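A.B. asks:
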Amino acid sequence: MFAVSSVDAAKVYYQTFKRLQSTVPNPLKIATIFSFAANEEQDAIGDIVDESFEVEAMNSSAKEFLKSAIDDYNGYFATSYDVDGKSFQNYYRDLAKRVKNKEVDLLIVVGMF
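See below:
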């Protein structure tokens, strides 16, 4: 589990790992999850906020990034999660289960766990 201080940092790390893994025969399974806090730009260092499933409250850039990461996750595990409502909650639960079972190699988190 790799905890970062902002959604922007998660995006940079996720995209960098994804790019570096694109040429290896057995790439790592990388996933990300983050909650929405009242201010997405908050400094997450030292703050542990309540987890929220209100994806609609995210700005469009964060939501697009999360959608792309969930699409990658769906490709790894033949699932069909999305960023909307119940599907996102189910993604969260499935991701937690797969992390516990060591099926995800790297989980990038912002303001969670």
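Numbering (the working numbering), first residue to last: 3 to 115.
Heads up, the beta-carbon is just placed ideally off N, CA and C, and yes, glycines get one too.
Nothing here was measured: the structure is a model prediction, and the numbers come from that model.
(1) Measuring only between beta-carbons, confirm whether residue 26 sits less than 7 Å from chain D.
(2) Is it buried or exposed for residue 13, if we count other Cβ within 10 angstroms and need 16 for buried?
(3) Per DSSP, which residues does residue 35 bridge with? Please list them.
(4) Report the partner residues of residue 6 according to the DSSP bridge assignment.
(5) Short of 8 Å in beta carbon distance, which residues of its chain neighbour residue 20, apart from the five on each side in sequence? Order them along the chain.
(6) Let's test the definition: count the other Cβ atoms within 10 Å of the Cβ of residue 34 and tell me whether it reaches 16, buried, or not, exposed.
(7) Once DSSP output is grouped into helix, strand and coil, what is the label at residue 18?
(8) Enumerate in chain order the residues of its own chain whose CB-to-CB distance from residue 83 is below 8 Å, with the five nearest sequence positions on each side excluded.
(9) Helix, strand or coil: how does DSSP classify residue 46 here?
C.D. replies: On the basis of the data shown:
(1) The structure shown has no chain D; it contains just one protein chain.
(2) buried
(3) 111
(4) 112
(5) 32 and 74
(6) buried
(7) helix
(8) 72, 75, 76, 89, 90, 92, 93 and 96
(9) Bear in mind that the predicted position of residue 46 carries a pLDDT of just 46, short of 50, making it unreliable; the figure below should be weighed with that in mind. Reduced to three states, the DSSP call for residue 46 is coil.
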